[in-house]
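Chemist: Below you'll find the structure I mean.
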């Protein structure tokens, strides 16, 4: 269970400085505000694009958290020390993914009521299925994002490279999460043909978690 | 010797392309519903298959690099990806021209089209990542991992016309449908042009590999000159 200790270390470190947490949350609120100028936030059609809007906010805010995931360890050569320690690459990666997941999910749960207020949407009746979609979508985002964070950690252009690599590859999960969130925020239940999106989201998480855990050791070995 | 083989394959590809162009323009009749524009399929579909083959070669070379740590495999992965991107661009552009004539729009946000574009962007990101890393071993290792991840988008693009109800035409080739949905002469021409484009792609990959070898030699000489 070393990965849990890595996750706790990252969470503790982030909660002390609140560097990416504050930046990410304020960025998410700013985007929510900016979107209100692009669409009519009081219109009837707002529920139809609510999922897309919300997940774009999460994806943008998530990039800020994920960028810091491995970059946090760069000062004082902490990453080298972590890699030299008996912690395996997979454990380190899993710990960091869990930490980013918890942070991002926290931000999403804070954004949801703000979104509900700004865009006049009721989200409370279907909160539990929404939470399930948030968990699945956020896991896909963080597992892929943490892997690319490890891939780009030594690059001078990492802030630019991470979203460039992450967003196109994340599209299946984003598409599914957007569609399912829209269904729930429109006051409907997930069922029938919509289950294909749920399967896509679960499949994405399983495939990329397996691939990431299998290949992360290769990336981290110097 | 290697250069002669390359020229030979290139010449064969050129001759095949010329012969196919003649048959496409003068021997094959217009399609009943679409008219003459359907002929663009003889480049659209083979370009897609060629791009897929290049991405598959890049995947195999990346896996081989990670197991054998030989930089030649990394060079193959890079060359195959670059050539694959060029053919994928041909596929996208010819598809857009066909869409403009038949659908009246250049682009439809249809699953197959969107996935083909995503696939292109994912592999473009692969080339961007390569440019951003200076150390050859680090570059080879990280881009090999990214290439493996990127191939998931190729698989999704291939299956998109079955998984989603799309505006894009469904599978028509007999090896995929198990039935003869298009005229056998037209299907044969699709395979013939695929062979020509595949040969062309092989020549392009080997030229790019040759350039990469020269680049490595120049880098080695530069390092030696620097050390002196």
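Protein chains in written order, with the working numbering: chain A, 7 to 228; chain B, 71 to 298. The C-beta atom is built at its ideal place from N, Cα and C for all residues, glycine as well.
Is residue 175/A close to chain B? Criterion is C-beta to C-beta, closer than 8 Å.
Modeler: True, the Cβ-Cβ gap to chain B drops below 8 Å.
Chemist: At the 8 Å Cβ level, is residue 224/A part of the contact set with chain B, yes or no?
Modeler: Cβ-Cβ to chain B under 8 Å: yes for residue 224/A.
Chemist: Report the rounded CA-to-CA distance for residue 71/B versus residue 279/B, giving the unit in angstroms.
Modeler: Cα to Cα, the separation comes out at about 15 Å.
Chemist: May I have the straight-line CA-CA distance separating residue 118/B from residue 167/B, to the nearest angstrom?
Modeler: Approximately 15 Å between the Cα atoms of the pair.
Chemist: Residue 159/A CB to nearest chain B CB: under 8 Å?
Modeler: For residue 159/A, the answer is no, since every Cβ of chain B falls outside 8 Å of its Cβ.
Chemist: Name the DSSP beta bridge partners of residue 101/B, please?
Modeler: Paired residues: 105/B.
Chemist: Restricting to runs no shorter than 4 residues, where is the alpha helix (DSSP H) found entirely within the region 135 to 187 of chain B?
Modeler: Taking only runs of at least 4 residues, the alpha helix (DSSP H) segments lying wholly in the region 135 to 187 of chain B are 141 to 172.
Chemist: Can you name the start and end residues of the alpha helix (DSSP H) that residue 296/B belongs to?
Modeler: 254 to 297 is the span of the alpha helix (DSSP H), which, as asked, contains residue 296/B.
Chemist: Considering residue 216/A, what are the terminal residues of the alpha helix (DSSP H) in which it resides?
Modeler: Run containing residue 216/A: 201 to 226, per the alpha helix (DSSP H) assignment.
Chemist: Does residue 231/B come within less than 8 Å of chain A when only Cβ atoms are used?
Modeler: Chain A contact via Cβ: absent.
Chemist: Taking only three categories from DSSP, how would you classify residue 60/A?
Modeler: Here residue 60/A sits in helix by DSSP.
Chemist: Please work out which residues of its chain come closer than 7 Å, Cβ to Cβ, to residue 70/A, disregarding the five sequence neighbours upstream and downstream, and give them in chain order.
Modeler: Correct list, in chain order: 26, 29, 30, 33.
Chemist: Cutting at 7 Å between CB atoms, please list the residues of its own chain near residue 220/B, excluding the five before and the five after it.
Modeler: These residues qualify, in order along the chain: 192, 193, 196.
Chemist: Give a yes or no on contact between the region 198 to 216 of chain A and the region 147 to 156 of chain A, applying the rule of three or more CB pairs nearer than 8 Å.
Modeler: At 8 Å Cβ cutoff, the stretches touch.
Chemist: Could you give the DSSP three-state label for residue 248/B: helix, strand or coil?
Modeler: In this structure, residue 248/B counts as coil in the three-state DSSP scheme.
Chemist: Can you list, in chain order, the residues of its chain whose CB lies under 6 Å from that of residue 270/B, leaving out five sequence neighbours each side?
Modeler: Taken in chain order, the residues that qualify are 83.
Chemist: Under 7 Å Cβ-Cβ, which residues of chain A neighbour residue 195/B?
Modeler: Chain A residues near residue 195/B: 170, 171, 174.
Chemist: For the 8 Å Cβ check, are there 3 or more pairs between the region 162 to 178 of chain A and the region 118 to 132 of chain A?
Modeler: These segments do not touch.
Chemist: What does a CB cutoff of less than 7 Å around residue 184/A pick up in its chain, not counting 5 residues either side in sequence?
Modeler: Taken in chain order, the residues that qualify are 57, 58, 61.
Chemist: Measure the C-alpha to C-alpha separation of residue 204/A and residue 93/A and round it to an integer number of angstroms.
Modeler: One C-alpha to the other measures close to 34 Å.
Chemist: Can you give the Cα-Cα distance for residue 165/B and residue 107/B, rounded to whole angstroms?
Modeler: Taking the straight line from one Cα to the other gives about 11 Å.
Chemist: Apart from the five residues just before and just after residue 157/A, which ones in its own chain have a Cβ nearer than 7 Å to its Cβ?
Modeler: Excluding sequence neighbours, residue 157/A sits near 225.
Chemist: Mind checking if residue 161/B is an interface residue toward chain A, Cβ cutoff 8 Å exclusive?
Modeler: Residue 161/B does not count as touching chain A.
Chemist: Taking its Cβ as the centre, do 16 or more other Cβ atoms sit within 10 Å of residue 148/B, making it buried, or is it exposed?
Modeler: Classification of residue 148/B: buried, given that the 10 Å Cβ count is 16 or more.
Chemist: Reducing DSSP to helix, strand and coil, say where residue 219/B ends up.
Modeler: In this structure, residue 219/B counts as helix in the three-state DSSP scheme.
Chemist: Distance check for residue 132/B and residue 213/B, CA to CA, integer angstroms please.
Modeler: Rounded to the nearest angstrom, the two C-alpha atoms are 8 Å apart.
Chemist: Which of the three DSSP states, helix, strand or coil, is assigned to residue 184/A?
Modeler: The answer is helix: DSSP assigns residue 184/A an H, G or I state.
Chemist: Is residue 46/A helix, strand or coil by DSSP?
Modeler: DSSP places residue 46/A in coil when its eight states are reduced to three.
Chemist: As a quick exercise: from 116/B, 223/B, 205/B, pick the residue whose alpha carbon is nearest that of residue 262/B.
Modeler: The option with the nearest alpha carbon to residue 262/B is 116/B.
Chemist: Quick one: residues in its chain with C-beta nearer than 6 Å to the C-beta of residue 190/A, no 5 flanking neighbours on either side, listed in chain order?
Modeler: The answer, listed in chain order, is 132, 135, 136.
Chemist: Residues of the region 169 to 183 of chain B in Cβ contact with chain A at a cutoff of 8 Å, in chain order, please.
Modeler: Those would be none; no residue qualifies.
Chemist: In chain A, what lies closer than 7 Å to residue 65/B by C-beta?
Modeler: Any property of residue 65/B remains undetermined from this structure, which presents chain B solely from 71 to 298.
Chemist: Which whole-angstrom value is the C-beta distance of residue 218/B and residue 79/B, which I expect to be below 8 Å?
Modeler: Contact flag wrong, Cβ pair sits at about 28 Å.
Chemist: Could you give the residue range of the alpha helix (DSSP H) that holds residue 120/A?
Modeler: Run containing residue 120/A: 95 to 125, per the alpha helix (DSSP H) assignment.
Chemist: If you draw a straight line from the alpha carbon of residue 77/B to that of residue 150/B, how long is it in whole angstroms?
Modeler: Cα-Cα distance, rounded: 18 Å.
Chemist: Can you tell me which of 129/B, 113/B, 257/B puts its alpha carbon nearest to the alpha carbon of residue 268/B?
Modeler: If we check each option's Cα against that of residue 268/B, 113/B comes out closest.
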